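For reference, the structure discussed in these notes is given below.
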Amino acid sequence: MIVTFRSGVRDMLNKMAKVVILFILAAAVLSGCGGQNNKSGAEKPGEKSVKQLNVAISGDVNNWDLVKFPDGDARFVWSQIYETLVRLDSDLKEIPGLAVSWEPSDGGRVWTFKLKKGIKFHDGTPFNAGAVKYSYSERADVIKRKMIPITEIQTPDDYTVKFILSRPVPLPSYFTHVAWPVMSPGSVDDKGQFKGPAGTGPYKLAKHLRDQEIVLVRNEDYHAAKGTLDKVVFKVIPDASARVMALQSGQVDMAIKLNESDTGRLMNDPSIKIYRKLSIFTDFMQFNTKKQPLDDVSVRRAIALAVDSEKIVRELLSGIGVPAMGRPLSPAMKYSDKSLQTVPDPQKSRELLAAAGWRDANGDGVVEKNGTLLEIKALLSPWSPREKIEAEALQAQLKSVGIDMKVQLMESGALSAAENHGDFDVLLRSGYLTWGDYPHHLKIHTSKHMYSHWANQQYDNLIMQGESASLDDEAKKKIYRQTQQLIMEEVPAVYLIHEEKVVAARNYVKDYQITAEDPWLNLAGIEIEK
Amino acid sequence: MANYIINRLLQLIPVLVGVSLITFFILNLAPGDPAELMVRASGMEPTPEAVASMREELGLNYPLHVRYCLWVWHALHGDLGVSYHSGLPVARELALRFPATLQLALASSLFMILLALPAGLLSAFYNRSYIDHLSRFAALLGASMPGYWLGLILIYIFGVRLGLLPVMGSGTIKHLLLPAMTLGFGLAAVYARLLRASLLEVMGQDYIKAARARGLRERRIMLAYAFKNALLPVVTAFGMSLGHLLGGMVVVETIFSWPGVGRLSVEAIFARDYPVLQGYVLVMALVFVVVNLLVDLSYVLLNPRLRIGGGEKR
C-alpha cells in the first residue's frame, strides 16, 4: 500500500516538475526570441570607447515616411535624422538649413529657395531640387491634406526651387517644421514601398525595435559640424515616473517630458542636472462663446480677472513655467509683448459679475442670475498632468468669485466629438498650431477656424493682414499686438502659463545646449565625460 | 478525443464571427472620428478637406456594413489590414509584440505557481495556525496592492536604490524579473487562497476519511489524494487568468516599458486605430478559446473520471 502512495506522490511530483520545466523552457526560449536587442546597453567592456547617449522618450516613432505625420516623441528622433530647408536658431530666428537663401515675390504667393550644394542623403542620393520637389509632392501628408497651399513646384535648375502658392503664407516658417523635412527620393523602391529613413541629418538610423528602442549612429558624411556622439539610443519609456527612475538608476543619460513634481524633486539630486528653457507653448482655457453663460463677455472678463496663474506656477508646479497673465504669445515667440498682462483682481471680478446681474442670493457661494447658477463645464484630456493640476487650481480660484467650474477628463476621441457638438463651456489646452516663433496659433480664434468658438470680424481682418508677406516687421508687430490686445479684451480664451521645456541629464553629460526650438532635440556638441 | 478537439475548434468559427462583429460595430459607436483624430494629432487644423482626404485614404468613406464585409473578406485571406497609426500591417504589429506578452505571461504564471502552491498547501495543512494567518495576511496585501504601485516600488527598490535589476526594457531574464514579480504577486495572492479553500473542502470528503482510517499520515493524504482533486477549480480559474495575462497587462507593460500587445491595444483605442483593435480582439478571442480548451484537456490529466468519450458507457 505504502508503495502505491509513494509512487502516487512521485508521479504527481514528476508531472508538476514537468509543467514547471516546460514553463521555464518556454520563458527562456521566448526571452531568446524577444531579446536580440541587448547590445545597446553600455555594459560591454570592448565598447568602452564608444560615445553613446541614451535618451528616454515617452513614445515610439510611429512612422518614418513623410506620407504620415510623425506624432508625439517621434519628432525628437526625426530631428536627428532629417533636416528642413529652414532652421531656427536658439532664439528662434529663421536661419539657413538645407536652403541657403529664400525670397518671396508676387505678394508672398511665390517663394524661391536657393539650396546648399554638395550634400548627400544617408543612402548616397545627392540632395538637390529634385529631392525637394519629391518631398513636397502629393505623396507628402502636409500637401495631401492641403495644410500648405502649394499649387506647383518648379525647379529652374538643380539648386533652385520655386513654390507657387494659391494664397500668401509665410512659407519659410512652415519649412522649419520638423515633420516636413526633405527626404531622399531613394527612400521608396520601384513599387512605391518605403525602404527606410534616409535624411541628411547628423545621425542615421541603425536599428529600430518597435516600442523599445531606436539606435542612431553618426553620419560620417554630414555636411556641417559632425556629431560628437558615436551612437544615440532613444529608449521608449511611456511612464513619466519610470523615465525618472531610469535616469536616476543610470540606465539612461537623459530624459525628456518630465512631470513638474518629478523635476522639482530631481533638482535636489546632485547627480542630475536640469536644463530649462522657455518654450513656445502656452496653456490656455478656451471658452465656448456661442453658448450661455460664456456668450456674455462680462463673465469671460470676470474669469480672466479671477485667474492667478502666478500662484499656480509658484505653489503647484515647482516654479516651472512662466505665468502668462493672459498674454497669448510666449516671450520665446516673435511678436510677443511682455507689457500685455491682466493683473488678477478677484474683487473686480466679483463686481463685474454683479454688474452683469450675477449675484449670490441664497448664500451657497455660487452666483446666480434669473434662478440659474453660474456653472460651467471644463473638458481636458487626461494626458497632461500639468493641465490637470491647473484645472483643479482654476476650479478653486473661480469658486472664490462664485463660479462653479466642473472639471471633466475625457479621452481625445470623446473630447473632439464634444468640441464639434459644442457640448462644453471651457476647453483646457496647450499649444495648438504652434511651431517656430511665428504666431500661427492666433489663427485658431478666427471665426472660420475649426478650433474657433468665437466670432469677431475685427479679429479676422487683423489676422488676414498679418499673414501678408508685403508687410515689414514693424507693421506686423503692430498688427499682432492689436490682435493680442483684442483677445485679452474680448476673452475668447484666457492664457495661463507659458510652458518651460525641461530636459534632465546625468551630470556627466557636458556641453548640452537646450533650445526653445521644439521638438528639435539639439545634440550638437554634446560630450559624455564619465 | 480527436472528435472532441475538432468539435471545440469548430466552435471557434461562430465565436470569432460574433466577436469581430460586435467589436466592429461597438467601435464605431464610440465618439470620435479616427480621420479627424489623425489630422488633429498632426497639430494642424482639421479642415473639412484635410479630414475628408484622410477619411478616403483610410477607407472610412464607405458605409459601415461594406467596411465590415471588406474586412472579413481580407481577414479570410490572411490580411488583417494596415494600422492607421503606423501604416504597418496589423498582423506584423501583433506578431512583433505577442512574443513579449507571452513571455511575460508565462514568467508571471511561473512566479505565481512558485509562490501560490507552497503557500496554499502550507496554509491548508496548518489550517488556522500562524502560518495560515501569515499567508492570509500576505494574500490580502497582494490582492489589495495595485499593480502600478507595486511596480513602481519594486523599480525604486531594486532598480534605483539597490541597482540590481534594470528598470525598463526587455531582452534578458533580468529584465523579466520585476514585471513578472509585479504581476505574479497579485495573482499568487488569489491562487494561494483558492487552493487552500479547495484543499480544505476536499479534505472533508469521505475517501479522505477512509485514508485517515487506514492510518496514513496527514501529509501523504493531502499530497497524494487531496491535492490533485483540489487543483481542478484552481486550474479552471488559471485558464481565465492566463487568457487575461495574454490579453496584455497594460499597466505593467507601461511601467516597465515592456513591448507587449496590451500597450499596443490601449494606444490603438485612444487613436481609434480600428484595424489594430479588430486584429487584436480577433487574436485574443482565439487565445481565450485555445487556452480554455487546453484547460479542459488538462482536467483529464488531473481526474480520469472526466475522460471524454472513453471508458464504458452506463
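These protein sequence lines map, in sequence, to chains X and E.
Going by our numbering, the first sequence opens with residue 23, and the numbers climb by one from there.
Going by our numbering, the second sequence opens with residue 44, and the numbers climb by one from there.
All residues carry an ideal CB built from backbone N, CA and C; glycine is no exception.
From a predicted model like this one, the values you see are computed outputs, not experimental measurements.
Beta carbon proximity, residue i to chain E, threshold 8 angstroms
{"i": "X:F149", "result": "no"}
{"i": "X:S371", "result": "no"}
{"i": "X:P211", "result": "In the sequence under discussion, the amino acid at residue 211 of chain X is Asp, which differs from the Pro named in the question. It does not: the Cβ of X:D211 has no partner Cβ on chain E nearer than 8 angstroms."}
{"i": "X:A121", "result": "no"}
{"i": "X:E275", "result": "The residue asked about is misnamed: residue 275 of chain X is Asp in this sequence, not Glu. It does not; no Cβ of chain E falls within 8 angstroms."}
{"i": "X:L455", "result": "yes"}
{"i": "X:K295", "result": "no"}
{"i": "X:M205", "result": "no"}
Inter-residue spacing [alpha-carbon to alpha-carbon] between residue i and residue j
{"i": "X:S101", "j": "X:G223", "result": "8 angstroms"}
{"i": "E:P276", "j": "X:N310", "result": "57 angstroms"}
{"i": "X:V448", "j": "X:L280", "result": "26 angstroms"}
{"i": "X:W86", "j": "X:P219", "result": "6 angstroms"}
{"i": "E:L107", "j": "X:A328", "result": "48 angstroms"}
{"i": "X:E549", "j": "X:A527", "result": "12 angstroms"}
{"i": "X:Q480", "j": "X:Q487", "result": "11 angstroms"}
{"i": "X:A515", "j": "X:Q430", "result": "18 angstroms"}
{"i": "E:R51", "j": "E:D339", "result": "10 angstroms"}
{"i": "X:T134", "j": "X:F185", "result": "6 angstroms"}
Proximity test, Cβ basis, 8 angstroms: residue i and chain X
{"i": "E:V367", "result": "This structure does not reach residue 367 of chain E, given that chain E is present from 44 up to 357, and the question cannot be answered."}
{"i": "E:R110", "result": "no"}
{"i": "E:A69", "result": "The sequence given here places Ile at residue 69 of chain E; Ala does not occur at that position. Taking Cβ atoms only, chain X never reaches closer than 8 angstroms to E:I69, which makes this a no."}
{"i": "E:G202", "result": "yes"}
{"i": "E:A159", "result": "no"}
{"i": "E:T297", "result": "yes"}
{"i": "E:I196", "result": "no"}
{"i": "E:G130", "result": "yes"}
{"i": "E:A206", "result": "Rather than Ala, the amino acid found at residue 206 of chain E in this sequence is Gly. For E:G206, the answer is yes, since a Cβ of chain X falls inside 8 angstroms of its Cβ."}
{"i": "E:R255", "result": "no"}
{"i": "E:Y199", "result": "yes"}
{"i": "E:F168", "result": "no"}
{"i": "E:F313", "result": "yes"}
Simplified DSSP assignment, three categories, for residue i
{"i": "X:V191", "result": "coil"}
{"i": "X:I278", "result": "strand"}
{"i": "E:P347", "result": "helix"}
{"i": "X:N392", "result": "coil"}
{"i": "X:S123", "result": "strand"}
{"i": "X:P368", "result": "helix"}
{"i": "X:Y534", "result": "coil"}
{"i": "E:V125", "result": "strand"}
{"i": "X:R232", "result": "coil"}
{"i": "X:F303", "result": "strand"}
{"i": "E:T279", "result": "helix"}
{"i": "X:Y10", "result": "Coverage of chain X is limited to positions 23 through 552, which leaves residue 10 of chain X absent and any answer about it impossible."}
{"i": "X:D179", "result": "strand"}
{"i": "E:V261", "result": "Correcting the residue identity first, residue 261 of chain E is Glu in this sequence and not Val. Reduced to three states, the DSSP call for E:E261 is helix."}
Of the residues the options, the one placed nearest residue i, counting alpha carbons only
{"i": "E:L119", "options": "E:L344, E:L59, E:F68, E:R171", "result": "E:L59"}
{"i": "X:K312", "options": "X:P178, X:A121, X:N392, X:E441", "result": "X:E441"}
{"i": "X:A377", "options": "X:M510, X:D128, X:A324, X:P92", "result": "X:A324"}
{"i": "X:L160", "options": "X:N384, X:F149, X:A527, X:I175", "result": "Leu is not the amino acid found at residue 160 of chain X; the sequence shown has Glu there. Residue X:I175 is the option with its Cα nearest to X:E160."}
{"i": "E:V210", "options": "X:V258, X:E539, X:S331, X:K295", "result": "X:V258"}
{"i": "E:N272", "options": "E:G282, E:M292, E:L242", "result": "E:L242"}
{"i": "E:G317", "options": "E:V133, E:V109, E:A267", "result": "It should be pointed out that residue 317 of chain E corresponds to Tyr in this sequence rather than to Gly. Comparing Cα-Cα distances from E:Y317 to each of E:V133, E:V109, E:A267, the minimum goes to E:V133."}
{"i": "E:A235", "options": "E:P347, E:L274, E:M44, E:L325", "result": "E:L274"}
{"i": "X:K532", "options": "X:K421, X:A546, X:G341", "result": "X:A546"}
{"i": "X:L450", "options": "X:P461, X:R408, X:A477", "result": "X:R408"}
{"i": "E:P91", "options": "X:K166, X:G385, X:D111, X:D145", "result": "X:K166"}
{"i": "E:P222", "options": "E:A232, E:F270, E:G190", "result": "E:G190"}
{"i": "X:A264", "options": "E:Y250, E:G124, E:F201, E:L285", "result": "E:F201"}
{"i": "E:A148", "options": "E:I196, E:L344, E:V334", "result": "E:V334"}
{"i": "E:V115", "options": "E:R179, E:V62, E:M265", "result": "E:V62"}
{"i": "X:W457", "options": "X:F143, X:S340, X:L351", "result": "X:L351"}
{"i": "X:S188", "options": "X:H199, X:T173, X:A201, X:V524", "result": "X:T173"}
Taking a Cβ distance cut-off of 8 angstroms, strictly less, list which residues of the segment 250 to 263 of chain X are near chain E, in chain order.
So the close ones are K257, V258, I259, P260, D261, S263.
Using Cβ-Cβ distances below 7 angstroms, what residues of the segment 57 to 84 of chain E are close to chain X?
Of all residues in the segment 57 to 84 of chain E, A73, P74, G75, E79, L80, V82, R83, A84 have a Cβ within less than 7 angstroms of some Cβ in chain X.
Using a Cβ cut-off of 9 angstroms, which residues of the segment 84 to 103 of chain E contact any Cβ in chain X, in chain order?
Cβ contacts with chain X come from A84, S85, G86, M87, E88, P89, T90, P91, E92, A93, V94, S96, M97, E100.
Between the segment 473 to 504 of chain X and chain C, which residues of the former have CB atoms less than 8 angstroms from a CB of the latter, in chain order?
The structure shown contains no chain C; the protein chains it does contain are X and E.
Which residues, in chain order, does the segment 433 to 445 of chain X contribute to contact with chain E at a C-beta distance below 7 angstroms?
Among the residues of the segment 433 to 445 of chain X, those with a Cβ less than 7 angstroms away from any Cβ of chain E are E433, S434, G435, A436, S438, A439, in the order of the chain.
Using a Cβ-Cβ cut-off of less than 8 angstroms, list which residues of the segment 119 to 144 of chain E approach chain X; keep chain order.
Those residues of the segment 119 to 144 of chain E that come within reach of chain X (Cβ to Cβ, closer than 8 angstroms) are H128, S129, G130, E136, L139, R140, P142, A143.
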